[in-house]
Structure formats: structure tokens, C-alpha cells
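Novice: Residue numbers (the UniProt record's numbering): 1 to 66.
All C-beta atoms, glycine included, are put in the ideal place defined by N, C-alpha and C.
This structure is in C-alpha cells; I'll ask about it shortly.
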Amino acid sequence: MTPCRLSDKEMMVLSYLAEGKQNKEIANDLKLAEPTIKMHVTSICKKLNASNRTQAVIVARDLGLI
Numbered sequence: 001m002t003p004c005r006l007s008d009k010e011m012m013v014l015s016y017l018a019e020g021k022q023n024k025e026i027a028n029d030l031k032l033a034e035p036t037i038k039m040h041v042t043s044i045c046k047k048l049n050a051s052n053r054t055q056a057v058i059v060a061r062d063l064g065l066i
């Protein structure tokens, strides 16, 4: 699998996903709107070719991103 490039914000969101946090918690922690977090999660999943947030975390770990 080719390494993908995640933005700094996507990497931050991904680290919160790896901790098991929900979108609302991530939004509160990062002082962003929940729809913005949903957009980042969607983008992360697309870039990692993952069908959901759990799979995105697994793929990211396999790639050494987190």
C-alpha cells in the first residue's frame, strides 16, 4: 500500500480516533464544529481506503502513522 499524506489536522483527529473518542469529544477538545470533525474523519477514511473509523485506525497503525 502506498503511503498517503494526511494533513496536520487529520493526523490530530486520527490520534483522537485511536483513543476511541467520539466526534463530539474531538470537536470539543480541538475547539472545532462537529461537522468539521465528521469531514476530517471522512477524508481520513478515503485517504486510508478504510470503510469506517475503526478500520482507519487499524490501517494507520499498520502504516506506522500512529
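Taking a contact to mean a Cβ-Cβ separation below 8 Å, would you say residue 57 touches residue 18 in this structure?
Specialist: The answer is yes: Cβ separation under 8 Å.
Novice: When you compare each of 29, 41, 33 to residue 11 by their alpha carbons, which one comes out closest?
Specialist: Out of 29, 41, 33, 41 has the C-alpha closest to the C-alpha of residue 11.
Novice: What's the C-alpha gap between residue 50 and residue 43?
Specialist: Approximately 10 Å between the Cα atoms of the pair.
Novice: Report, in whole angstroms, the separation of the C-beta atoms of residue 59 and residue 37, which I expect to be a contact under 8 Å.
Specialist: That belief does not hold up - the Cβ atoms of residue 59 and residue 37 are roughly 19 Å apart, past 8 Å.
Novice: Using only the alpha-carbon positions, how far apart do residue 32 and residue 23 sit?
Specialist: Roughly 10 Å between the two C-alpha positions.
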